[in-house]
Amino acid sequence: MDLNIANPATGCQKLIEIEDERRLRGFYDKRMAQEVSGDSLGDEFKGYVFRISGGNDKQGFPMKQGVLLPHRVRLLLSKGHSCYRPRRTGERKRKSVRGCIVGSDLSVLSLVVVKQGEQDIPGLTDTTVPKRLGP
0 MDLNIANPAT GCQKLIEIED ERRLRGFYDK RMAQEVSGDS LGDEFKGYVF
50 RISGGNDKQG FPMKQGVLLP HRVRLLLSKG HSCYRPRRTG ERKRKSVRGC
100 IVGSDLSVLS LVVVKQGEQD IPGLTDTTVP KRLGP
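Numbering that gives the first Met the number 0 puts the first residue of the sequence shown at 0, with every later residue one more than the last.
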């Protein structure tokens with residue numbers, strides 16, 4: 000599984016690939032927007048706290064907040080829903096989305112750093128990207 004970790008304090012993000020299933024067990028059965036300790040990922044993430052912000056399963060279907068299932072469902076989506084952009088006025092469409100509970104069949108899991116740990120992660124916490132837009 001790939002972890003897409005974003006750090007809003009520095010404006011950086013990094014994609015980390017983790018093959019070891021045991022290191023990812025701390026994320027299983029957690030929901031989107033829940034905070035998870037990064038200690039189970041390894042020593043370089045000791046002290047970090049992450050918030051789960053989304054992800055895609057192995058077939059590319061996105062996770063949707065509010066669908067309390069660990070698998071895929073087909074929902075009738077309209078304007079204002081995430082995972083759907085209507086092409087015409089009033090258009091609705093039945094789309095496959097994944098539930099918001101993390102499972103082993105995800106290919107990418109998106110995380111946001113809430114609390115920084117002791118060590119710096121190269122490319123994520125040691126560099127700062129300047130903000131492009133004004134206040």
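Think of the CB as a built atom: it goes at the ideal place given N, C-alpha and C, for glycine as much as any other residue.
Considering just the uninterrupted stretch of the beta strand (DSSP E) at residue i, what are its terminal residues?
i	result
Arg73	71 to 76
Ser81	Where Ser81 is concerned, there is no enclosing beta strand (DSSP E), given that its DSSP letter is neither H nor E.
Cys11	11 to 16
Ile4	1 to 6
Lys45	Note, Lys45: premise wrong, no beta strand (DSSP E); not H, not E.
Glu117	Segment: none, Glu117 is in no beta strand (DSSP E) and carries neither H nor E.
Arg93	92 to 97
Using CA coordinates, which residue listed in the options is at the minimum distance from residue i?
i	options	result
Gly41	Ile100, Ile15, Leu74	Ile15
Lys63	Arg22, Phe44, Thr124, Tyr83	Tyr83
His80	Asp28, Val111, Pro61, Tyr47	Pro61
Arg24	Asp104, Thr126, Pro129	Asp104
Arg93	Ser106, Arg71, Lys114	Arg71
Leu68	Val96, Glu43, Gln33	Val96
Ser106	Ile51, Ser39, Asp56	Asp56
Phe26	Lys78, Glu90, Leu108, Cys11	Leu108
In or out: residue i buried (at least 16 other Cβ within 10 Å) or exposed?
i	result
Thr124	buried
Leu75	exposed
Gly65	exposed
Gly53	buried
Gly156	No answer is possible for residue 156: it lies beyond the span of the chain, which begins at 0 and ends at 134.
Gly37	buried
What separation, rounded to the nearest whole angstrom, lies between the Cα atoms of residue i and residue j?
i	j	result
Pro7	Val111	7 Å
Gly10	Lys130	8 Å
Val113	Pro85	33 Å
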